Amino acid sequence: MSLQPVHRIGRFARSVAARAPDTADTEWAHRWLTSAEQRLFDRMPVVDRAHSIGVARGVVAHLDRIGTTPDDPDTLWVLAAALTHDVGKSAAGLGTYGRVVATLSEAVGGASMARVWAARRGMTRKVGLYLQYPELGAELLAVAGSDERVVAWAAQHHEPESSWTVPVEAGRLLAAADDEAL
Ligand SMILES: [Fe+2]
Ligand SMILES: [Fe+2]
């Protein structure tokens, strides 16, 4: 797994400017989540909540274009996945500065260092945890009782398509929305 340094540092500028989702945005997001997922969502930092809502809105806009309603039982999980895919980031407790440090650390030390760093203390531990955030997020969502596709997407959303267990069309839609490529 790679957190794509250039892409992520590009997002740094946006995260500095991120505004808190307003009440209407939050209520809209909650519509697609179970109460346990809502609690996980609300614990995310502003930047992650704003990003996740942006991804979910991108998914809805696409579904609209192809004539599918997000309320369809087969697509409901896609919205929950969009809103929770980055939820593991909050477990590391890193702010924007720390996330940049983590991303650069991975570029310098290699992704395999994440577990070593997570076993240490202080900032090094937080960096290690952050780099493992997809797995952490999947564990949080499994404990929350989420749909198995929602759990899988949190774990797999930075993996190549060949290792996805979610339906590939939905994964492509979620990945494109995550990259703001819709
Ligand atoms: Fe992510
Ligand atoms: Fe994301």
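If you read the sequence shown in numbering that gives the first Met the number 0, its first letter stands for residue 0, the second for the next number, and so on. Note that the Cβ used here is the ideal one computed from N, Cα and C, for glycine as well. As the structure is a prediction and not an experimental result, all values here were calculated from the model.
The beta carbon of TRP163 sits closer than 6 Å to those of GLN155, GLY170, all from its chain and outside the five residues before and after it, given in chain order. DSSP places GLY53 in the helix class (H, G or I) of the three-state scheme. Counting along the chain, LEU78 sits inside the alpha helix (DSSP H) bounded by residues 75-83. Sixteen is the threshold: since fewer than 16 other Cβ atoms of the shown chains lie within 10 Å of the Cβ of ASP73, the residue is exposed. Sequence-distant Cβ neighbours of ALA80 in its own chain, meaning closer than 7 Å and more than five residues away, are ARG148, VAL149, TRP152, LEU173. In chain order, GLN37, PHE40 place their CB closer than 8 Å to the CB of HIS29, counting only its own chain and leaving out the 5 sequence neighbours on each side. Apart from sequence neighbours up to five positions away, the residues of its chain that approach ASP47 with a beta-carbon distance below 8 Å are ASP85, VAL86, LYS88, SER89, ordered along the chain. In the structure shown, MET43 adopts coil according to DSSP, grouped into three states. If the five residues before and after LEU75 are omitted, its C-beta is found closer than 6 Å to no C-beta atom of its own chain. By the neighbour-count criterion, in which a residue is buried when 16 or more other Cβ atoms sit within 10 angstroms of its Cβ, ASP70 is exposed. Counting along the chain, the unbroken alpha helix (DSSP H) around SER104 starts and ends at 95-108. A distance below 6 Å between beta-carbons, with the five flanking residues on each side excluded, links ALA175 to the following residues of its chain, in chain order: LEU181.
Not one heavy atom of ligand 2 falls within 6 Å of the beta-carbon of ASP71.
The beta carbons of ALA35 and GLY121 sit no closer together than 7 Å. With a cutoff of 7 Å on beta-carbon distance, VAL58 and VAL77 are scored as near each other. CA-CA distance, LEU128 to ARG56, rounds to 28 Å. Relative to the non-hydrogen atoms of ligand 1, the Cβ of ASP47 never comes closer than 6 Å to any of them.
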